[in-house]
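Residue numbers (our numbering): 11 to 347.
Backbone N, C-alpha and C fix where the C-beta goes; we use that ideal spot for every residue, glycine too.
Note that the structure is predicted; figures quoted are calculated from it, not measured.
This report concerns only the one structure given below.
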(Lines of atoms letter the chains of each structure in order from A; the text may use other names.)
(Lines give C-alpha, C1' and ligand atoms only; values in the text may rest on other atoms or scores of the structure.)
Protein backbone atom coordinates (compact mmCIF):
# COMPACT_ATOMS: atom_id res chain seq x y z
CA UNK A 11 0.00 0.00 0.00
CA UNK A 12 1.15 3.53 -0.73
CA UNK A 13 -0.23 7.09 -0.94
CA UNK A 14 -0.28 9.19 -4.09
CA UNK A 15 -1.70 12.68 -4.68
CA UNK A 16 -3.18 14.50 -7.66
CA UNK A 17 -4.70 17.96 -8.02
CA UNK A 18 -7.03 20.08 -10.11
CA UNK A 19 -7.61 23.83 -10.09
CA UNK A 20 -11.10 25.11 -10.79
CA UNK A 21 -11.85 27.31 -13.76
CA UNK A 22 -11.97 30.41 -11.54
CA UNK A 23 -8.34 29.93 -10.47
CA UNK A 24 -6.29 32.85 -11.88
CA UNK A 25 -4.04 30.62 -14.00
CA UNK A 26 -7.02 28.79 -15.45
CA UNK A 27 -8.77 32.08 -16.21
CA UNK A 28 -5.74 33.13 -18.23
CA UNK A 29 -5.78 29.79 -20.05
CA UNK A 30 -9.43 30.36 -20.95
CA UNK A 31 -8.84 33.90 -22.21
CA UNK A 32 -6.02 32.70 -24.47
CA UNK A 33 -8.21 29.83 -25.68
CA UNK A 34 -11.23 32.09 -26.30
CA UNK A 35 -9.18 34.44 -28.47
CA UNK A 36 -7.89 31.46 -30.45
CA UNK A 37 -11.43 30.11 -30.77
CA UNK A 38 -12.61 33.34 -32.37
CA UNK A 39 -9.59 33.41 -34.67
CA UNK A 40 -10.23 29.86 -35.86
CA UNK A 41 -13.93 30.55 -36.28
CA UNK A 42 -13.17 33.29 -38.78
CA UNK A 43 -9.92 31.96 -40.28
CA UNK A 44 -9.10 28.23 -40.11
CA UNK A 45 -5.50 28.95 -41.16
CA UNK A 46 -4.76 31.15 -38.16
CA UNK A 47 -1.33 30.77 -36.57
CA UNK A 48 -1.34 31.67 -32.91
CA UNK A 49 0.52 31.45 -29.65
CA UNK A 50 -1.42 33.62 -27.21
CA UNK A 51 -0.27 34.43 -23.67
CA UNK A 52 -2.36 36.07 -20.96
CA UNK A 53 -1.38 37.42 -17.55
CA UNK A 54 -3.78 38.82 -14.99
CA UNK A 55 -3.59 40.45 -11.60
CA UNK A 56 -4.93 43.30 -9.50
CA UNK A 57 -7.59 44.52 -11.90
CA UNK A 58 -5.48 44.26 -15.04
CA UNK A 59 -5.25 41.63 -17.77
CA UNK A 60 -2.28 41.76 -20.14
CA UNK A 61 -2.56 39.78 -23.40
CA UNK A 62 0.46 39.22 -25.60
CA UNK A 63 1.91 36.57 -27.91
CA UNK A 64 1.83 36.08 -31.65
CA UNK A 65 -1.16 35.84 -34.00
CA UNK A 66 -1.22 35.78 -37.80
CA UNK A 67 -4.84 35.72 -38.98
CA UNK A 68 -7.42 37.31 -41.24
CA UNK A 69 -9.88 37.33 -38.34
CA UNK A 70 -11.20 40.65 -37.06
CA UNK A 71 -10.91 40.53 -33.29
CA UNK A 72 -12.20 42.52 -30.36
CA UNK A 73 -9.68 41.16 -27.89
CA UNK A 74 -10.93 43.26 -25.00
CA UNK A 75 -14.51 42.07 -25.39
CA UNK A 76 -13.43 38.42 -25.63
CA UNK A 77 -11.39 38.72 -22.45
CA UNK A 78 -14.17 40.49 -20.55
CA UNK A 79 -16.72 37.90 -21.70
CA UNK A 80 -14.55 35.13 -20.22
CA UNK A 81 -14.05 37.00 -16.96
CA UNK A 82 -17.79 37.57 -16.64
CA UNK A 83 -18.61 33.94 -17.46
CA UNK A 84 -16.12 32.70 -14.86
CA UNK A 85 -17.79 34.90 -12.25
CA UNK A 86 -15.49 37.93 -11.90
CA UNK A 87 -17.51 40.57 -13.73
CA UNK A 88 -16.16 43.07 -16.27
CA UNK A 89 -14.36 45.65 -14.12
CA UNK A 90 -10.89 44.99 -15.54
CA UNK A 91 -8.40 46.93 -17.62
CA UNK A 92 -7.54 44.83 -20.69
CA UNK A 93 -4.17 45.51 -22.35
CA UNK A 94 -3.85 44.13 -25.90
CA UNK A 95 -0.19 43.56 -26.80
CA UNK A 96 -0.60 40.82 -29.43
CA UNK A 97 1.86 40.81 -32.34
CA UNK A 98 2.37 38.70 -35.46
CA UNK A 99 4.01 35.28 -35.65
CA UNK A 100 7.68 35.28 -36.60
CA UNK A 101 8.24 34.83 -40.33
CA UNK A 102 11.08 32.45 -39.46
CA UNK A 103 8.62 30.01 -37.84
CA UNK A 104 6.23 30.38 -40.78
CA UNK A 105 8.94 29.06 -43.12
CA UNK A 106 8.53 25.61 -41.58
CA UNK A 107 4.82 25.56 -40.80
CA UNK A 108 3.26 26.83 -44.02
CA UNK A 109 0.91 24.53 -45.91
CA UNK A 110 3.54 23.44 -48.44
CA UNK A 111 5.99 22.30 -45.73
CA UNK A 112 3.53 21.25 -43.01
CA UNK A 113 6.17 21.11 -40.32
CA UNK A 114 5.77 21.14 -36.56
CA UNK A 115 5.29 24.59 -35.04
CA UNK A 116 7.79 23.87 -32.29
CA UNK A 117 10.29 21.33 -31.07
CA UNK A 118 9.76 19.25 -27.95
CA UNK A 119 8.15 16.13 -26.57
CA UNK A 120 4.49 15.41 -25.87
CA UNK A 121 2.88 12.61 -23.87
CA UNK A 122 -0.41 10.75 -24.08
CA UNK A 123 -1.81 8.37 -21.50
CA UNK A 124 -4.70 5.98 -21.07
CA UNK A 125 -5.57 3.42 -18.41
CA UNK A 126 -8.36 0.95 -17.68
CA UNK A 127 -9.46 2.54 -14.38
CA UNK A 128 -12.60 4.16 -15.78
CA UNK A 129 -14.76 4.28 -18.89
CA UNK A 130 -13.01 7.54 -19.78
CA UNK A 131 -9.71 5.60 -19.85
CA UNK A 132 -8.36 7.97 -17.20
CA UNK A 133 -7.31 7.44 -13.57
CA UNK A 134 -10.23 7.26 -11.16
CA UNK A 135 -8.95 10.02 -8.87
CA UNK A 136 -8.46 12.34 -11.85
CA UNK A 137 -12.01 11.76 -13.04
CA UNK A 138 -13.37 12.43 -9.54
CA UNK A 139 -11.58 15.76 -9.32
CA UNK A 140 -12.86 16.78 -12.74
CA UNK A 141 -16.41 15.88 -11.74
CA UNK A 142 -16.15 17.96 -8.55
CA UNK A 143 -14.72 20.93 -10.49
CA UNK A 144 -17.51 20.75 -13.08
CA UNK A 145 -20.14 20.56 -10.33
CA UNK A 146 -18.57 23.49 -8.47
CA UNK A 147 -18.81 25.68 -11.57
CA UNK A 148 -22.56 25.04 -11.59
CA UNK A 149 -23.19 25.46 -7.84
CA UNK A 150 -21.39 28.81 -7.70
CA UNK A 151 -23.79 30.10 -10.40
CA UNK A 152 -26.79 29.02 -8.31
CA UNK A 153 -25.57 29.89 -4.80
CA UNK A 154 -23.87 33.28 -4.33
CA UNK A 155 -22.04 32.06 -1.21
CA UNK A 156 -19.69 30.08 -3.48
CA UNK A 157 -17.10 32.22 -5.29
CA UNK A 158 -15.11 31.25 -8.41
CA UNK A 159 -11.59 30.50 -7.20
CA UNK A 160 -10.52 27.14 -5.82
CA UNK A 161 -8.60 23.92 -6.11
CA UNK A 162 -8.92 20.35 -4.95
CA UNK A 163 -6.49 17.51 -4.21
CA UNK A 164 -6.87 13.81 -3.55
CA UNK A 165 -4.34 11.82 -1.56
CA UNK A 166 -5.31 8.32 -2.55
CA UNK A 167 -4.61 4.92 -1.07
CA UNK A 168 -3.20 2.60 -3.73
CA UNK A 169 -2.42 -1.08 -3.93
CA UNK A 170 -0.07 -2.81 -6.36
CA UNK A 171 -1.05 -2.20 -9.96
CA UNK A 172 -1.92 1.46 -9.35
CA UNK A 173 -5.42 0.58 -8.15
CA UNK A 174 -7.15 3.24 -6.03
CA UNK A 175 -8.75 1.57 -3.02
CA UNK A 176 -9.62 4.60 -0.91
CA UNK A 177 -8.95 8.27 -0.22
CA UNK A 178 -6.99 9.15 2.91
CA UNK A 179 -7.36 12.93 2.50
CA UNK A 180 -9.48 15.00 0.13
CA UNK A 181 -8.29 18.60 0.35
CA UNK A 182 -10.70 21.25 -0.96
CA UNK A 183 -9.92 24.95 -0.96
CA UNK A 184 -12.83 27.01 -2.25
CA UNK A 185 -13.37 30.76 -2.29
CA UNK A 186 -16.56 31.82 -0.54
CA UNK A 187 -18.27 34.72 1.17
CA UNK A 188 -17.57 33.18 4.61
CA UNK A 189 -21.31 33.38 5.26
CA UNK A 190 -22.82 30.19 6.75
CA UNK A 191 -19.51 28.38 6.31
CA UNK A 192 -20.63 25.24 8.12
CA UNK A 193 -23.44 24.82 5.60
CA UNK A 194 -21.35 25.55 2.50
CA UNK A 195 -18.62 23.21 3.76
CA UNK A 196 -21.23 20.50 4.27
CA UNK A 197 -22.64 21.01 0.76
CA UNK A 198 -19.24 20.54 -0.85
CA UNK A 199 -18.26 17.61 1.38
CA UNK A 200 -21.53 15.87 0.62
CA UNK A 201 -20.94 16.26 -3.12
CA UNK A 202 -17.39 14.95 -2.92
CA UNK A 203 -18.60 12.01 -0.82
CA UNK A 204 -21.28 11.27 -3.42
CA UNK A 205 -18.69 11.31 -6.21
CA UNK A 206 -16.34 9.02 -4.29
CA UNK A 207 -19.15 6.58 -3.52
CA UNK A 208 -20.13 6.50 -7.19
CA UNK A 209 -16.59 5.41 -7.99
CA UNK A 210 -16.53 2.78 -5.26
CA UNK A 211 -14.16 4.42 -2.76
CA UNK A 212 -14.52 5.98 0.68
CA UNK A 213 -12.98 9.20 1.99
CA UNK A 214 -11.33 8.93 5.39
CA UNK A 215 -10.75 12.64 5.96
CA UNK A 216 -11.69 15.98 4.42
CA UNK A 217 -9.48 19.07 4.70
CA UNK A 218 -11.71 21.99 3.69
CA UNK A 219 -10.10 25.44 3.52
CA UNK A 220 -7.34 24.31 5.89
CA UNK A 221 -6.11 27.86 6.57
CA UNK A 222 -9.55 28.59 8.03
CA UNK A 223 -10.66 31.25 5.54
CA UNK A 224 -10.78 31.80 1.76
CA UNK A 225 -12.58 35.07 1.01
CA UNK A 226 -10.01 36.92 -1.11
CA UNK A 227 -9.27 35.10 -4.36
CA UNK A 228 -9.05 35.44 -8.11
CA UNK A 229 -6.93 38.27 -9.49
CA UNK A 230 -7.39 40.17 -6.23
CA UNK A 231 -5.63 37.52 -4.20
CA UNK A 232 -3.22 36.14 -6.78
CA UNK A 233 -1.79 36.61 -10.26
CA UNK A 234 -2.49 34.28 -13.17
CA UNK A 235 -0.56 33.20 -16.24
CA UNK A 236 -1.35 31.07 -19.29
CA UNK A 237 0.45 27.74 -19.22
CA UNK A 238 1.20 27.53 -15.52
CA UNK A 239 -1.10 24.54 -14.99
CA UNK A 240 0.19 22.11 -17.62
CA UNK A 241 -0.01 19.16 -15.20
CA UNK A 242 -3.67 19.89 -14.49
CA UNK A 243 -4.31 20.25 -18.23
CA UNK A 244 -2.74 16.84 -18.85
CA UNK A 245 -2.96 13.91 -16.41
CA UNK A 246 -2.62 15.47 -12.93
CA UNK A 247 0.77 13.76 -12.35
CA UNK A 248 -0.37 10.23 -13.28
CA UNK A 249 1.74 10.42 -16.45
CA UNK A 250 4.71 12.31 -17.81
CA UNK A 251 4.04 15.80 -19.12
CA UNK A 252 5.72 17.61 -22.01
CA UNK A 253 7.18 21.03 -21.42
CA UNK A 254 4.66 23.07 -23.38
CA UNK A 255 1.31 24.68 -22.66
CA UNK A 256 -1.65 23.47 -24.73
CA UNK A 257 -3.85 26.58 -24.50
CA UNK A 258 -3.92 29.51 -26.92
CA UNK A 259 -2.00 27.62 -29.61
CA UNK A 260 -3.23 26.76 -33.09
CA UNK A 261 -3.03 23.08 -34.13
CA UNK A 262 0.29 23.42 -35.99
CA UNK A 263 1.77 23.87 -32.51
CA UNK A 264 2.54 20.28 -31.58
CA UNK A 265 2.54 21.12 -27.86
CA UNK A 266 -1.22 21.06 -28.34
CA UNK A 267 -1.98 18.85 -31.33
CA UNK A 268 0.58 16.09 -30.76
CA UNK A 269 -0.45 15.81 -27.10
CA UNK A 270 -3.98 15.05 -28.29
CA UNK A 271 -2.64 12.61 -30.87
CA UNK A 272 -0.56 10.83 -28.24
CA UNK A 273 -3.69 10.46 -26.10
CA UNK A 274 -5.60 9.04 -29.08
CA UNK A 275 -2.81 6.50 -29.72
CA UNK A 276 -2.72 5.51 -26.05
CA UNK A 277 -6.49 4.90 -26.03
CA UNK A 278 -6.27 2.87 -29.23
CA UNK A 279 -3.49 0.66 -27.84
CA UNK A 280 -5.01 0.22 -24.36
CA UNK A 281 -7.07 -2.99 -24.85
CA UNK A 282 -5.24 -5.82 -23.09
CA UNK A 283 -3.19 -3.42 -20.91
CA UNK A 284 -3.67 -1.68 -17.60
CA UNK A 285 -2.01 1.49 -18.91
CA UNK A 286 -0.31 2.82 -22.03
CA UNK A 287 1.85 5.94 -22.27
CA UNK A 288 2.98 7.41 -25.59
CA UNK A 289 5.77 9.92 -26.15
CA UNK A 290 6.03 11.86 -29.43
CA UNK A 291 8.93 14.21 -30.19
CA UNK A 292 9.40 16.75 -32.96
CA UNK A 293 11.85 19.20 -34.51
CA UNK A 294 10.49 22.60 -35.46
CA UNK A 295 9.69 22.82 -39.16
CA UNK A 296 9.88 19.05 -39.71
CA UNK A 297 6.67 17.11 -40.35
CA UNK A 298 7.40 13.55 -39.22
CA UNK A 299 8.07 12.97 -35.52
CA UNK A 300 11.67 12.33 -34.52
CA UNK A 301 10.61 9.41 -32.35
CA UNK A 302 7.57 7.56 -31.02
CA UNK A 303 8.11 5.69 -27.76
CA UNK A 304 5.27 3.61 -26.29
CA UNK A 305 5.41 2.20 -22.76
CA UNK A 306 2.87 0.00 -20.97
CA UNK A 307 2.45 -2.20 -17.93
CA UNK A 308 3.58 -5.07 -20.20
CA UNK A 309 6.65 -3.25 -21.49
CA UNK A 310 7.52 -1.36 -24.63
CA UNK A 311 5.19 -1.43 -27.64
CA UNK A 312 6.97 -0.93 -30.93
CA UNK A 313 5.77 1.98 -33.06
CA UNK A 314 4.93 1.15 -36.67
CA UNK A 315 5.80 3.13 -39.82
CA UNK A 316 2.07 3.85 -40.17
CA UNK A 317 2.11 5.59 -36.79
CA UNK A 318 4.89 7.90 -37.93
CA UNK A 319 2.91 8.78 -41.05
CA UNK A 320 -0.23 9.62 -39.11
CA UNK A 321 1.65 11.75 -36.57
CA UNK A 322 2.58 14.55 -38.96
CA UNK A 323 0.89 17.84 -37.96
CA UNK A 324 -1.24 17.91 -41.13
CA UNK A 325 -2.55 14.38 -40.55
CA UNK A 326 -3.19 15.03 -36.86
CA UNK A 327 -5.15 18.20 -37.62
CA UNK A 328 -7.22 16.41 -40.25
CA UNK A 329 -7.82 13.15 -38.36
CA UNK A 330 -8.73 14.80 -35.03
CA UNK A 331 -10.59 17.71 -36.69
CA UNK A 332 -8.61 20.17 -34.60
CA UNK A 333 -9.74 23.21 -36.58
CA UNK A 334 -13.34 22.58 -35.52
CA UNK A 335 -13.10 22.06 -31.76
CA UNK A 336 -14.07 24.36 -28.88
CA UNK A 337 -10.72 25.47 -27.50
CA UNK A 338 -12.28 27.27 -24.55
CA UNK A 339 -13.96 24.09 -23.27
CA UNK A 340 -10.60 22.31 -23.26
CA UNK A 341 -9.10 25.08 -21.13
CA UNK A 342 -11.71 24.85 -18.37
CA UNK A 343 -11.19 21.54 -16.56
CA UNK A 344 -8.29 19.83 -18.36
CA UNK A 345 -7.82 18.77 -21.97
CA UNK A 346 -8.51 15.08 -21.41
CA UNK A 347 -11.91 14.15 -20.00
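Buried or exposed (CB count within 10 angstroms, at least 16 for buried), residue 11 = exposed
In its own chain, which residues sit with a C-beta less than 6 Å from the C-beta of residue 285, not counting the 5 before and 5 after it?
-> 125, 307
Rounded to a whole number of angstroms, what is the C-alpha to C-alpha distance between residue 172 and residue 136?
-> 13 Å
6 Å CB neighbourhood of residue 65 in its chain, flanking five on each side removed = 48, 96
Helix, strand or coil: which one does DSSP assign to residue 173?
-> strand
Between the beta-carbon of residue 112 and the beta-carbon of residue 281, is there less than 8 Å?
-> no
Cα-Cα separation between residue 123 and residue 233, rounded to whole angstroms | 30 Å
In chain order, what residues of the same chain have a beta carbon less than 6 Å from the beta carbon of residue 303, not counting five sequence neighbours either side?
-> 289
How would you write the range of the alpha helix (DSSP H) that residue 74 sits in, first residue to last?
-> 73-84
Residue 133 to residue 201 span [Cα, whole Å] | 19 Å
Work out the CA separation of residue 145 and residue 259 for me, nearest whole Å.
-> 27 Å
Go through its chain and collect everything with a Cβ distance to residue 39's Cβ below 8 Å, but skip five positions before and after it.
-> 46, 48, 65, 67, 69, 71, 260
Residue of 230, 188, 239, 268 minimising C-alpha distance to residue 221 = 188
Could you please give the first and the last residue of the uninterrupted beta strand (DSSP E) stretch that includes residue 49?
-> 47-55
Classify residue 327 as helix, strand or coil using the three-state DSSP reduction.
-> helix
Inside the region 262-296 only - alpha helix (DSSP H) runs reaching at least 4 residues = 264-279
Taking C-beta to C-beta, are residue 22 and residue 85 nearer than 8 Å?
-> yes
Assuming residue 55 and residue 262 form a contact by the criterion Cβ under 8 Å, report the distance between their Cβ atoms to the nearest whole angstrom.
-> Rounded, the Cβ-Cβ distance is 30 Å, inconsistent with contact.
Beta-carbon separation (whole angstroms), residue 265 vs residue 118, contact threshold 8 Å | 6 Å
Based on Cα-Cα distance, which residue from 73, 327, 162 lies nearest to residue 94?
-> 73
CA nearest to the CA of residue 297, picked from 318, 155, 241 | 318
Element boundaries [alpha helix (DSSP H), containing residue 343] | 337-343
Bridge-paired residues (DSSP) for residue 212 = Beta-bridge pairing links residue 212 to no other residue.
Any heavy atom of the ligand ATP within a distance shorter than 7 Å of the CB on residue 87?
-> As presented, the structure is devoid of all ligands, the ligand ATP included, so that no description of it is given.
Which residue from 24, 17, 14 puts its Cα closest to that of residue 9?
-> Only positions 11 to 347 of the chain appear in the structure, and residue 9 is not among them; the question remains open.
Could you check the C-alpha separation between residue 231 and residue 27 for me, to the nearest Å?
-> 14 Å
Three-state secondary structure (DSSP) of residue 106 | Any reading at residue 106 is ruled out, since the residue's pLDDT is 49, under 50, leaving its predicted position unreliable.
Please work out which residues of its chain come closer than 7 Å, Cβ to Cβ, to residue 252, disregarding the five sequence neighbours upstream and downstream, and give them in chain order.
-> 118, 119, 120, 121, 265, 269
Apart from the five residues just before and just after residue 34, which ones in its own chain have a Cβ nearer than 6 Å to its Cβ?
-> 76, 80, 338
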